[in-house]
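Written below as structure tokens is the structure these notes are about.
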Amino acid sequence: MAAANVRVESVTKRFAGHTAVNQLSMEVASGGIYGLLGPNGAGKSTTIRLIMGILEPDQGKVLLFGSDHGSRKLSQRIGYLPEERGLYKKMKVLDHLIFLGETKGISRADARRRAHDWLERLGLGAWALKKVEDLSKGMQQKVQFAGALLHEPELVILDEPFSGLDPVNAQVMKDIVVAIAAEGRTVLFSTHVMEQAERMCDHVTIIARGETVVSGPLAQVKADFGGRHVALAFSHDRPRAEAILTDRALVAHLDDYGASAELQMAAGADPGQLLAALVREGVGLRRFEVVEPSLHAIFIAKVGADAAVAPARAGAAA
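Each position in the sequence shown, counted from 1, maps to that position plus 19 in this note's numbering.
This is the structure in structure tokens:
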């Protein structure tokens, strides 16, 4: 196994009596994309701030590249995009990126060259001499994303990197994340959007109320969840399926989207039985496929109740 870039060992963090992170452990190996997942208020951002040394744990320890000296002494090896986006509004975009590069030890000339390259890559070349305040929020987010990557860090930590982006810009940033991971660098990102994580991550840790619920390689997490799962898409006569989909002898759990659904078969039930029942009732199907469980289905099954209840102090445990 590759050496760990990040190791969190039994870390606990409390705020005014509220436990935001409780005995949390996780390990991020070198290379690949690692997802820190959980509902709003689960403790994801607190965990990332602990990793970055912005917060100190009340118990446990955090090691980066095998060292417990903290992220500040290792900052040239780390790129960080915080959840709270923050740029100097009156600075020109190019000057801002040059400034961020210089704080990471890059020469001014090199920072300027890299900044131009990143702005072109992100479709912001024409905005280089504009003030940050002239950019939309999504564009500002891409500027800050570029700032996190300008110094070519070994470890990239992104807190909700796609939040608030339209699909086109989210795709641009996703492609870059995948590309830098393919180069052998390590990406750790937090999200509560399971579809993103499922498409991108090699490993995942799901937390709820500051505690680990599931952790491991994504393929293993799915295998451990077990059960037989079916994905459905209806073409017509969806109401005729209701009695079948709510039959607990056939269906143990249903994630219903109306025009489509994902379900887990009941113990002892066979997908063929389900298909036969739907056909008998004249339910029109565009899709009937036996599938592995989605990360979304695992998330709902494992933390659905936690996700539905707001934490006592959501801001501290985000």
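C-beta: ideal position from N, C-alpha, C; glycine also.
Since we're looking at a predicted model, the values are computed, not measured.
- Under the three-state reduction of DSSP output, alanine 48 falls in the strand class.
- Distances from the CA of valine 212 to each of Val232, Thr231 and Asp178 were compared; the closest alpha carbon is that of Asp178.
- Between arginine 306 and leucine 251, the C-beta spacing is below 9 Å.
- Proximity of the region 113–122 to the region 42–58 falls short of the contact definition, fewer than three beta-carbon pairs being nearer than 8 Å.
- Taking the Cα of glycine 72 as reference, the smallest distance to any Cα among Gly62, Ile263, Ala198 and Asp87 is reached at Asp87.
- If you check the CB distance, leucine 174 and glycine 98 come in under 9 Å.
- Contact between glutamate 152 and lysine 111 does not hold, since the beta-carbon distance rounds to 10 Å and is not under 8 Å.
- For alanine 23, same chain residues with a beta-carbon under 6 Å away, outside a window of 5 residues either side, are Glu46 and Ala48 in chain order.
- For the region 217–276, the continuous alpha helix (DSSP H) assignments of 4+ residues that do not extend past its boundaries occur at 237–244 and 261–264, in sequence order.
- Look at the beta carbons and you see the region 185–194 not touching the region 67–84: under three pairs across the two are nearer than 8 Å.
- In this structure, the straight-line span from the alpha carbon of valine 81 to that of leucine 100 is close to 19 Å.
- Contact annotation: glycine 157 and alanine 134 have beta-carbon atoms that are not nearer than 9 Å.
- Counted as a single uninterrupted DSSP element, the beta strand (DSSP E) harbouring valine 27 occupies residues 23–34.
- In its chain, beyond the 5 residues on either side, Asp256 and Arg259 have a beta carbon closer than 8 Å to the beta carbon of glycine 301.
- Listed in chain order, the non-local C-beta contacts of methionine 284 below 8 Å within the same chain comprise Gly246, Arg247, His248, Val249, Leu269, Val270, Ala271, Pro290 and Leu293, local neighbours out to five positions each way being set aside.
- For arginine 140, the enclosing alpha helix (DSSP H) stretches over residues 127–140.
- The shortest CA-to-CA distance from alanine 278 to any of Leu304, Thr265, Asp266 and Ser64 is the one to Leu304.
- Distance from the CA of isoleucine 225 to the CA of threonine 231, rounded to the nearest whole angstrom, comes to 6 Å.
- Residue range 186–201 is occupied by the alpha helix (DSSP H) that includes aspartate 194.
- For leucine 177, the enclosing beta strand (DSSP E) begins and ends at 174–178.
- Counting along the chain, glycine 303 sits inside the beta strand (DSSP E) bounded by residues 303–310.
- Inter-residue distance for arginine 68 and leucine 169 is about 21 Å (C-alpha atoms, whole angstroms).
- Secondary-structure assignment with DSSP links isoleucine 97 through a beta bridge to Leu174.
- Between the beta-carbon of phenylalanine 244 and that of isoleucine 317 there is about 5 Å, and that keeps the pair under the 8 Å contact cut.
- Secondary-structure assignment with DSSP links phenylalanine 181 through no beta bridge to anything.
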